[in-house]
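Colleague:
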Amino acid sequence: MSGRGGRIESLGVVLPGDKVLQLDSEDCAKEIFLGPGLRRHESIVYATRSGPLKKTSQNIYYIDNYQRRYTPLQGQFVVGIVYKKKGDNYIIDIGGSEYALLSLLCFENAPKKARKEMRPGELVFGQLLVAERDMEPELVCLDVCNNAVGIGPLPEGGLMFTVPLHVTREILDPQSTLLKKLSSLVECMVVVGSNGRVWVAAQEQRHMLAIMNCLKLLEVMTKQEAEQNVYRYFKKFLH
Amino acid sequence: MAQHACELSFLSRSDGSALYSIGLNVALASVNGPGDVKVSNRLYNRSHLEVCYSPSTGHSMIRERALESVIMRTVEQAILVHLHPRTAINITIQEMQSDGLALSASVNAACMALLDAGIQMKTTFAAVTCCITPSGTVIIDPTEAEIQESVAEATFVFESSGEASVLTAHQDGRLSYEDFKKCLHHCQVASKDVFAFYRRMTEKKYQNEIES
Numbered sequence: 013m014s015g016r017g018g019r020i021e022s023l024g025v026v027l028p029g030d031k032v033l034q035l036d037s038e039d040c041a042k043e044i045f046l047g048p049g050l051r052r053h054e055s056i057v058y059a060t061r062s063g064p065l066k067k068t069s070q071n072i073y074y075i076d077n078y079q080r081r082y083t084p085l086q087g088q089f090v091v092g093i094v095y096k097k098k099g100d101n102y103i104i105d106i107g108g109s110e111y112a113l114l115s116l117l118c119f120e121n122a123p124k125k126a127r128k129e130m131r132p133g134e135l136v137f138g139q140l141l142v143a144e145r146d147m148e149p150e151l152v153c154l155d156v157c158n159n160a161v162g163i164g165p166l167p168e169g170g171l172m173f174t175v176p177l178h179v180t181r182e183i184l185d186p187q188s189t190l191l192k193k194l195s196s197l198v199e200c201m202v203v204v205g206s207n208g209r210v211w212v213a214a215q216e217q218r219h220m221l222a223i224m225n226c227l228k229l230l231e232v233m234t235k236q237e238a239e240q241n242v243y244r245y246f247k248k249f250l251h
Numbered sequence: 521m522a523q524h525a526c527e528l529s530f531l532s533r534s535d536g537s538a539l540y541s542i543g544l545n546v547a548l549a550s551v552n553g554p555g556d557v558k559v560s561n562r563l564y565n566r567s568h569l570e571v572c573y574s575p576s577t578g579h580s581m582i583r584e585r586a587l588e589s590v591i592m593r594t595v596e597q598a599i600l601v602h603l604h605p606r607t608a609i610n611i612t613i614q615e616m617q618s619d620g621l622a623l624s625a626s627v628n629a630a631c632m633a634l635l636d637a638g639i640q641m642k643t644t645f646a647a648v649t650c651c652i653t654p655s656g657t658v659i660i661d662p663t664e665a666e667i668q669e670s671v672a673e674a675t676f677v678f679e680s681s682g683e684a685s686v687l688t689a690h691q692d693g694r695l696s697y698e699d700f701k702k703c704l705h706h707c708q709v710a711s712k713d714v715f716a717f718y719r720r721m722t723e724k725k726y727q728n729e730i731e732s
């Protein structure tokens with residue numbers, strides 16, 4: 013998560029139950045946004061997760077923790093696995109506690125003749141239209157203008173792997189140069205889902221494995237270290 | 521007080537895990553969730569919690585069921601269960617080594633594993649066990665031998681907020697009211713060290729974030 017050109021301030025590591033902010037009546041004029049990992053009780057904001065507390069320049073406070081389990085959130089792009097087809101919907105596994113629904117009509121060129129059927133086990137990249145704690149998640153493969161914009165069923169022949177959620181955030185950070193460097197080394201297609209699933213396609217299988225291992229470097233080293241050393245590691249992974 | 525040690529994300533396939541030791545007592549806790557739940561256990565407004573405790577030797581029997589129940593009721597007070605309706609959170613605890621403090625080590629391991637998994641909680645919780653000798657001395661984190669010699673043994677689980685309220689109390693033996701208060705007070709003071717230990721472990725986990 014990066015502020016568009018803004019700075020992100022790190023306010024130290026907190027544990028659940030820690031008082032993060034005291035909202036006094038004098039601060040009423042300021043707008044404060046509470047992101048993931050924080051909850052408000054009366055005039056005090058508490059942390060609900062352990063991790064580094066961060067604040068963006070637009071006064072968004074959040075906890076940037078390391079987690080593997082995905083909880084669906086509206087608007088996120090996720091890589092799903094087709095479980096089965098049920099009536100007018102596909103049942104998709106997005107890694108959360110429940111399966112998501114993907115309507116047959118939510119693809120570009122939806123008229124029956126042009127529709128290509130997805131079989132169980134195939135991958136689809138979609139956006140979460142509905143993701144509430146009380147409702148079944150729903151995926152769509154369209155944007156508001158009914159265009160595909162790069163989302164939809166993923167072609168065969170790629171490699172999908174799972175990474176912790178914070179790694180996907182680091183890869184997708186606009187200021188990160190990791191993907192740019194990898195794409196300069198080898199021609200590839202990388203699809204990153206916010207549910208921790210990453211899909212890679214390249215000409216040769218060893219290229220795909222090398223890209224996978226380079227992205228997995230972020231699990232064990234900092235972003236800066238990974239970006240500085242990616243060329244060296246890529247050459248090593250290729251053999 | 522005995523030496524506490526912990527290793528987070530010990531298991532690669534769990535959502536969160538912690539190998540926790542207090543002296544010679546070692547417990548491994550693994551947390552998975554919020555995930556899928558059987559229809560019979562599905563609750564419309566909250567998450568279903570399951571605790572599974574495995575002893576180091578022998579089969580799981582009544583003693584283990586009792587421990588599971590104590591740990592479940594403790595954990596239930598800390599996790600924000602209403603954020604995840606119709607899901608299940610599974611906590612599995614494997615007793616690796618026991619020297620009298622199985623309950624404390626398991627509860628603390630469960631807390632660290634929940635923190636590792638990123639499950640949203642109201643507060644962290646820490647268990648402290650003490651025993652009182654026939655001469656009236658309170659020993660924090662006693663060994664099995666010290667517990668055998670003692671008059672009574674008590675385990676308290678505290679929450680991390682200012683007043684350090686008691687979430688769970690488990691007592692065995694004959695304690696006068698004054699001695700009970702003495703044990704509670706000693707455990708409350710010791711719990712501050714356990715919370716400081718949790719904080720150090722969490723800072724160690726995120727040290728890359730702090731430096732960059």
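Here the protein sequences come in this chain order: A and B. The numbering used here applies: residue 13 is where the first sequence begins, and numbers increase by one. The numbering used here applies: residue 521 is where the second sequence begins, and numbers increase by one. We treat Cβ as the ideally placed atom computed from N, Cα and C, and that holds for glycine.
1. Alanine 547 of chain B: which of B/His690, B/Pro575, B/Val559 and B/Arg719 sits nearest, CA to CA?
2. Return the residue from the list B/Leu569, B/Ala586, B/Ser532 and B/Asn628 that minimises the CA-CA distance to alanine 525 of chain B.
3. How many Å lie between aspartate 100 of chain A and leucine 116 of chain A at the Cα?
4. With DSSP run on the structure shown, which of helix, strand or coil describes isoleucine 734 of chain B?
5. Evaluate contact between the region 177 to 190 of chain A and the region 132 to 151 of chain A, counting only Cβ atoms and requiring at least three cross-stretch pairs below 8 angstroms.
6. Quick one: what's got a C-beta closer than 8 angstroms to methionine 632 of chain B's C-beta in the same chain, skipping five residues either side?
7. Are the beta-carbon atoms belonging to leucine 166 of chain A and valine 212 of chain A less than 7 angstroms from one another?
8. Whole angstroms are fine: how far does the CA of glycine 169 of chain A sit from the CA of glutamate 584 of chain B?
9. Return helix, strand or coil for asparagine 552 of chain B, following the three-state DSSP convention.
10. So, is leucine 265 of chain A buried or exposed, given that buried needs 16 or more other C-beta atoms within 10 angstroms?
11. Is any non-hydrogen atom of the ligand ADP found closer than 6 angstroms to the C-beta of methionine 220 of chain A, if you look at the structure I gave you?
12. Any C-beta of chain A sitting closer than 7 angstroms to the C-beta of alanine 525 of chain B?
13. Is it buried or exposed for proline 132 of chain A, if we count other Cβ within 10 angstroms and need 16 for buried?
14. Within this structure, are the beta carbons of serine 624 of chain B and threonine 688 of chain B separated by less than 7 angstroms?
15. Pick helix, strand or coil for tyrosine 564 of chain B, following the three-state DSSP scheme.
16. Less than 7 angstroms between CB atoms is the rule here; does proline 186 of chain A satisfy it with respect to chain B?
17. Compute the distance between the beta-carbons of alanine 672 of chain B and leucine 695 of chain B, then report whether it is under 7 angstroms.
18. Which full runs of the beta strand (DSSP E) of 3+ residues lie inside the region 173 to 221 of chain A, going along the chain?
19. With the cut-off set at 7 angstroms, would you say phenylalanine 173 of chain A and valine 210 of chain A are in Cβ contact?
20. Does the beta-carbon of proline 662 of chain B have 16 or more other beta-carbons within 10 angstroms, so that it is buried, or is it exposed?
21. Suppose you measure from the CA of glutamine 597 of chain B to the CA of valine 179 of chain A; what does that come to, to the nearest Å?
22. Assign proline 84 of chain A to buried or exposed, taking buried as 16 or more other Cβ atoms, counted over all protein chains shown, within 10 Å of its Cβ.
23. Hey, how far is the Cα of proline 28 of chain A from the Cα of proline 605 of chain B?
24. With 16 other CB atoms within 10 Å as the buried threshold, where does valine 25 of chain A fall?
25. Is it buried or exposed for glycine 578 of chain B, if we count other Cβ within 10 angstroms and need 16 for buried?
26. Which bits of chain A does histidine 604 of chain B rub up against, with CB to CB less than 8 angstroms?
27. Would you say asparagine 628 of chain B reaches chain A, if we count a Cβ-Cβ gap shorter than 7 angstroms as a contact?
28. Distance check for asparagine 159 of chain A and alanine 41 of chain A, CA to CA, integer angstroms please.
29. Assuming tyrosine 286 of chain A and lysine 66 of chain A make a contact with CB atoms under 8 angstroms, what is their CB distance in whole Å?
30. Report the neighbours of lysine 642 of chain B on chain A: residues whose CB is nearer than 8 angstroms to its CB, in chain order.
31. Provide the residue span of the alpha helix (DSSP H) that contains asparagine 159 of chain A, from first to last.
32. With 7 angstroms as the threshold, decide whether the Cβ of glutamate 570 of chain B is near any Cβ in chain A.
33. The alpha helix (DSSP H) that contains asparagine 241 of chain A, what's its start and end?
34. What does the alpha-carbon distance come out to for the pair alanine 214 of chain A and methionine 220 of chain A?
35. Put alanine 684 of chain B into one of helix, strand or coil per three-state DSSP.
36. So, are the CB atoms of threonine 594 of chain B and serine 567 of chain B less than 7 angstroms apart?
Modeller: According to the structure shown:
1. B/Pro575
2. B/Asn628
3. 6 angstroms
4. For chain B, the structure presents residues 521 to 732; residue 734 of chain B sits outside this window and is missing.
5. no
6. Within the same chain, Cβ atoms closer than 8 angstroms to the Cβ of methionine 632 of chain B are found at Cys526, Leu528, Ala538, Tyr540, Ala549, Tyr718 and Met721, the five residues on either side in sequence being excluded.
7. no
8. When rounded, the separation of the alpha-carbon atoms in glutamate 584 of chain B and glycine 169 of chain A is 49 angstroms.
9. strand
10. This structure cannot settle anything about residue 265 of chain A, because the visible part of chain A is limited to 13 through 251.
11. The model on display carries no ligand, and the ligand ADP is accordingly not part of it.
12. no
13. exposed
14. no
15. coil
16. no
17. Yes, Cβ-Cβ distance for alanine 672 of chain B and leucine 695 of chain B is below 7 angstroms.
18. Listed in chain order, the complete beta strand (DSSP E) runs (minimum 3 residues) inside the region 173 to 221 of chain A are 200 to 204 and 209 to 214.
19. yes
20. Counting Cβ neighbours within 10 Å, proline 662 of chain B comes out buried, since at least 16 surround it.
21. 31 angstroms
22. buried
23. 20 angstroms
24. buried
25. Exposed is the call here.
26. Thr83, Ser109 and Arg145
27. no
28. 40 angstroms
29. Because residue 286 of chain A is not part of the residues shown, which for chain A are 13 to 251, the question remains open.
30. Pro28, Gly29, Tyr58 and Thr60
31. Looking at the DSSP string, asparagine 159 of chain A is not in any alpha helix (DSSP H), and its letter there is neither H nor E.
32. no
33. It spans 235 to 249 - the alpha helix (DSSP H) in which asparagine 241 of chain A sits, taken as one unbroken run.
34. In this model, alanine 214 of chain A and methionine 220 of chain A are separated by some 6 angstroms (Cα to Cα).
35. coil
36. No, they are not a contact pair.
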